[in-house]
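Chains as they are written, first to last, in the working numbering: chain X, 1 to 58; chain L, 59 to 411; chain P, 412 to 764.
Positions of the beta carbon are idealized from the N, C-alpha and C atoms, including for glycine.
First the structure, in the form of structure tokens, and then the observations on it.
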Amino acid sequence: MATISCPECAATIEVAEDVMIGEIVDCIDCGQELEIISVDGANIQARIAESEGEDFGE
Amino acid sequence: MVDVGIIGAAGYTGSELLRLLLFHPEAEVKVITSRRYQGEYVQRVHPNLRGISRLKFSGVNLSKIGDECDFVFTAVPHGISKDITPELLDMGVKILDMSADFRLKNPELYPVYYDYEHPRIDLLEKSAYGIPEINREEIKNADLVACPGCLATSGIFGLAPIVKYEAFNLENIIVDTKIGSSAAGDSPSSSSHHPERSGVVRAYKPTNHRHTVEIEQELSKIAKKPVKIALSNHAVDIVRGILATIHVWLSDDQPIAEKDIWQMFREFYQNEYFVRLVRDRKGIYRFPDPKVIVGTNFCDLGFELDVHLPRLVILSAIDNLMKGASGSAVQSFNVMLGIDEKTGLDFPGFHPI
Amino acid sequence: MVDVGIIGAAGYTGSELLRLLLFHPEAEVKVITSRRYQGEYVQRVHPNLRGISRLKFSGVNLSKIGDECDFVFTAVPHGISKDITPELLDMGVKILDMSADFRLKNPELYPVYYDYEHPRIDLLEKSAYGIPEINREEIKNADLVACPGCLATSGIFGLAPIVKYEAFNLENIIVDTKIGSSAAGDSPSSSSHHPERSGVVRAYKPTNHRHTVEIEQELSKIAKKPVKIALSNHAVDIVRGILATIHVWLSDDQPIAEKDIWQMFREFYQNEYFVRLVRDRKGIYRFPDPKVIVGTNFCDLGFELDVHLPRLVILSAIDNLMKGASGSAVQSFNVMLGIDEKTGLDFPGFHPI
Numbered sequence: 001m002a003t004i005s006c007p008e009c010a011a012t013i014e015v016a017e018d019v020m021i022g023e024i025v026d027c028i029d030c031g032q033e034l035e036i037i038s039v040d041g042a043n044i045q046a047r048i049a050e051s052e053g054e055d056f057g058e
Numbered sequence: 059m060v061d062v063g064i065i066g067a068a069g070y071t072g073s074e075l076l077r078l079l080l081f082h083p084e085a086e087v088k089v090i091t092s093r094r095y096q097g098e099y100v101q102r103v104h105p106n107l108r109g110i111s112r113l114k115f116s117g118v119n120l121s122k123i124g125d126e127c128d129f130v131f132t133a134v135p136h137g138i139s140k141d142i143t144p145e146l147l148d149m150g151v152k153i154l155d156m157s158a159d160f161r162l163k164n165p166e167l168y169p170v171y172y173d174y175e176h177p178r179i180d181l182l183e184k185s186a187y188g189i190p191e192i193n194r195e196e197i198k199n200a201d202l203v204a205c206p207g208c209l210a211t212s213g214i215f216g217l218a219p220i221v222k223y224e225a226f227n228l229e230n231i232i233v234d235t236k237i238g239s240s241a242a243g244d245s246p247s248s249s250s251h252h253p254e255r256s257g258v259v260r261a262y263k264p265t266n267h268r269h270t271v272e273i274e275q276e277l278s279k280i281a282k283k284p285v286k287i288a289l290s291n292h293a294v295d296i297v298r299g300i301l302a303t304i305h306v307w308l309s310d311d312q313p314i315a316e317k318d319i320w321q322m323f324r325e326f327y328q329n330e331y332f333v334r335l336v337r338d339r340k341g342i343y344r345f346p347d348p349k350v351i352v353g354t355n356f357c358d359l360g361f362e363l364d365v366h367l368p369r370l371v372i373l374s375a376i377d378n379l380m381k382g383a384s385g386s387a388v389q390s391f392n393v394m395l396g397i398d399e400k401t402g403l404d405f406p407g408f409h410p411i
Numbered sequence: 412m413v414d415v416g417i418i419g420a421a422g423y424t425g426s427e428l429l430r431l432l433l434f435h436p437e438a439e440v441k442v443i444t445s446r447r448y449q450g451e452y453v454q455r456v457h458p459n460l461r462g463i464s465r466l467k468f469s470g471v472n473l474s475k476i477g478d479e480c481d482f483v484f485t486a487v488p489h490g491i492s493k494d495i496t497p498e499l500l501d502m503g504v505k506i507l508d509m510s511a512d513f514r515l516k517n518p519e520l521y522p523v524y525y526d527y528e529h530p531r532i533d534l535l536e537k538s539a540y541g542i543p544e545i546n547r548e549e550i551k552n553a554d555l556v557a558c559p560g561c562l563a564t565s566g567i568f569g570l571a572p573i574v575k576y577e578a579f580n581l582e583n584i585i586v587d588t589k590i591g592s593s594a595a596g597d598s599p600s601s602s603s604h605h606p607e608r609s610g611v612v613r614a615y616k617p618t619n620h621r622h623t624v625e626i627e628q629e630l631s632k633i634a635k636k637p638v639k640i641a642l643s644n645h646a647v648d649i650v651r652g653i654l655a656t657i658h659v660w661l662s663d664d665q666p667i668a669e670k671d672i673w674q675m676f677r678e679f680y681q682n683e684y685f686v687r688l689v690r691d692r693k694g695i696y697r698f699p700d701p702k703v704i705v706g707t708n709f710c711d712l713g714f715e716l717d718v719h720l721p722r723l724v725i726l727s728a729i730d731n732l733m734k735g736a737s738g739s740a741v742q743s744f745n746v747m748l749g750i751d752e753k754t755g756l757d758f759p760g761f762h763p764i
């Protein structure tokens, strides 16, 4: 398993070895949706996925 | 195995202690006392324990209790415990006291908040404040553990990770709690009468609640400087549970990021099984909610940084009878025995409930 | 008698408007619309109105509504009202809008909090913010009344009497609300599913709730200087009701006595029938509690000065569907008609409930 650091809460998140750019993963600690933006061997970067802000279903 | 006794086993705290200890692999419940139900079987008072124990409530015979028990949980009102605990200690019994009688280090606070002059100031020094996550070593070596108040517990857990840091103003912290009816105990009153109690959002002690000084005592110890708390409480229509909503102002000069705060919480509670950090961006469980942890020894913590004003909102959820009282006491009991702290306490809660 | 219409009469706000207006001596309900229940009798959606009205829900035909009605209550979602209200106004109809579309004077806030560029900025100036106790003259002369948000209402009523005074710090006021399920409207969701909704103490929008700017707008107008609010909200297990617990820090140099604060509240609300000051030293009704005012147009206010820290705690209780929405709208309607504001609104509430 490879790992990434969540840009929102700095949690260490396990991702599949063959994760691809553009893939969406959820942070296990803070629930933020993350988009993989670069894969360079073990060094995998993610950013917070575009979403129209937290919808509380109000 | 150790022999344990519960003084005041008929109340709600006593009931939970009895339930937990009857199923605890290292504990043998020898004595359970109750003035009101002396001579009665357990099940008449605690229906969930029918068929599980043949124990009867007895009167309080301190020398008999001293002989039969290695550990005694004193689940008696404030002001009563201070008159029986010293005698038991002298007989070599280890005490986990559920009352407030040995929680406060500063004896001058007892006349103010509990209306009595404390008779054994020496024991105030010796007692360990019963939150393992912040006082584990003291509890391990203590003969007397003062188990904390439920409201105090919810406030302390929420604030402990951040009071060491300059980024926060520690002089005007608001703790706004919502709490269930079981916290008021088992004696009926006009305010607990169902038609009057159901569906309330009833402010009680919006200022000057005596748990304030407990929270300040333990947090100042961690912060190594004064921490000031403004506590306000509301009874809501649940039986068990506290949600403390804690409003902390950021000190002006120190901008702080969400992930710095995550780091503070993770570091402080890193291997603590009973403390969980709760945050989600989807679904309906986005922040801590006492409904989720009823019956468990968990403290669920969450927070959100305000972008409109320099404020951090921390949310702390516990079951007032478990992590707020009896569960915490059994956890301290496990610490004193040197065994796995989860022993007898690893129930995950129900869903749905 | 005036002819009235309700656009969006099937929701909870619409239901309360219909109930109040069907029993209002000066109003004749001519039109009630609902997309979902077009062609249905009222009682299929509002069971309490069975046998009271033979009205059926119709579609939204603006010109027909414009012809038949002198006054129209627009109980439609934010973003919808802005597209229909102008047309009705042009037809000479007076509007009481339940949405947020005309509440905020600052058009730049709409993209931030409601995700749209406001199409009729001119109407923002003309609309009157629908709290008679603070905007009576404006409402009397208005063609368009923007009825306030329920959370905003609870906060504004609690703070209005004190924001004029130097004794209080207006830059870090906390408003911590507990609110019932009916405030989330009548469309079911996973979070409103009974096994998940009952018994919760569920924080939602602990920061950045859009009613914050409404509260700040109206209070800054009264204070004639900026007022900053930190709003946090919690869903609790009641259907109707809001309790806002407001924490206000006293400015250091200005000691203030309890009776000065009583004076401020009395003066501000001196002949306001719908605002009651609630404080008692005995019994179980010592502070405002929404349970007491369910179904009424009352706002109950109370407060307590903290002696431990320089803090004033203000408690404000309303029924989110009445003083927080439909009751307030009918009160503004009475102001616009120039009749006794209690008309159709003098129900005292039940006890017990």
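Please confirm whether residue i and residue j have their CB atoms less than 9 Å apart.
i: T623 (chain P); j: I640 (chain P); result: yes
i: E437 (chain P); j: L748 (chain P); result: yes
i: V415 (chain P); j: V453 (chain P); result: no
i: G713 (chain P); j: I695 (chain P); result: no
i: Y262 (chain L); j: F698 (chain P); result: yes
i: R651 (chain P); j: P701 (chain P); result: yes
Given this structure, state the Cα-to-Cα distance separating residue i from residue j, to the nearest angstrom.
i: E58 (chain X); j: S602 (chain P); result: Because the pLDDT at E58 (chain X) is just 39, under 50, the model does not fix this residue reliably, and the value given afterwards should be weighed accordingly. Each residue's alpha carbon lies about 10 Å from the other.
i: G97 (chain L); j: S111 (chain L); result: 14 Å
i: I542 (chain P); j: E752 (chain P); result: 12 Å
i: I280 (chain L); j: V638 (chain P); result: 34 Å
i: P518 (chain P); j: A557 (chain P); result: 14 Å
i: S743 (chain P); j: E427 (chain P); result: 15 Å
i: G69 (chain L); j: R514 (chain P); result: 52 Å
i: C9 (chain X); j: M322 (chain L); result: 11 Å
i: E625 (chain P); j: R722 (chain P); result: 24 Å
Taking the beta carbon of residue i as the centre, do at least 16 other beta carbons fall within 10 Å, making it buried, or is it exposed?
i: N552 (chain P); result: exposed
i: R455 (chain P); result: exposed
i: I532 (chain P); result: exposed
i: Y521 (chain P); result: buried
i: V170 (chain L); result: exposed
i: S212 (chain L); result: buried
i: H587 (chain P); result: The sequence as given places Asp at residue 587 (chain P); His does not occur at that position. D587 (chain P) should be labelled buried.
i: F434 (chain P); result: exposed
i: Y527 (chain P); result: exposed
i: P617 (chain P); result: buried
i: N355 (chain L); result: buried
i: T12 (chain X); result: exposed
i: F408 (chain L); result: exposed
Quick one, which of the options has its alpha-carbon nearest residue i's?
i: V352 (chain L); options: L:Q312, L:D128, L:L301; result: L:L301
i: F209 (chain L); options: L:F345, L:V60, L:I231, L:H267; result: Correcting the residue type first, residue 209 (chain L) is Leu in the shown sequence and not Phe. Comparing Cα-Cα distances from L209 (chain L) to each of L:F345, L:V60, L:I231, L:H267, the minimum goes to L:H267.
i: V413 (chain P); options: P:T424, P:V442, P:A420, P:G419; result: P:V442
i: P219 (chain L); options: L:E325, L:G109, L:L76, L:P253; result: L:E325
i: V130 (chain L); options: L:H409, L:F408, L:V388; result: L:V388
i: S643 (chain P); options: L:S139, L:S309, L:L367; result: L:L367
i: F115 (chain L); options: L:M380, L:I237, L:L76; result: L:L76
Is the shortest distance between the beta-carbon of residue i and the beta-carbons of chain L less than 9 Å?
i: Y615 (chain P); result: yes
i: K702 (chain P); result: yes
i: L720 (chain P); result: yes
i: E58 (chain X); result: The predicted model places E58 (chain X) with a pLDDT of 39, which falls under 50 and marks its position as unreliable; any figure quoted below should be read in that light. No, because no Cβ of chain L sits closer than 9 Å to the Cβ of E58 (chain X).
i: E8 (chain X); result: yes
i: P763 (chain P); result: yes
i: A46 (chain X); result: no
Would you please verify whether the beta carbon of residue i is less than 9 Å from any beta carbon of chain X?
i: Q328 (chain L); result: no
i: R337 (chain L); result: yes
i: E399 (chain L); result: no
i: G216 (chain L); result: no
For chain P, check one thing: does any of its Cβ atoms lie closer than 9 Å to the Cβ of residue i?
i: N378 (chain L); result: no
i: V294 (chain L); result: yes
i: E362 (chain L); result: yes
Compute every distance between the C-beta of residue i and the non-hydrogen atoms of the ligand GDP, then say whether any falls below 8 Å.
i: L79 (chain L); result: With respect to the ligand GDP, the structure offers nothing, as it holds no ligand at all.
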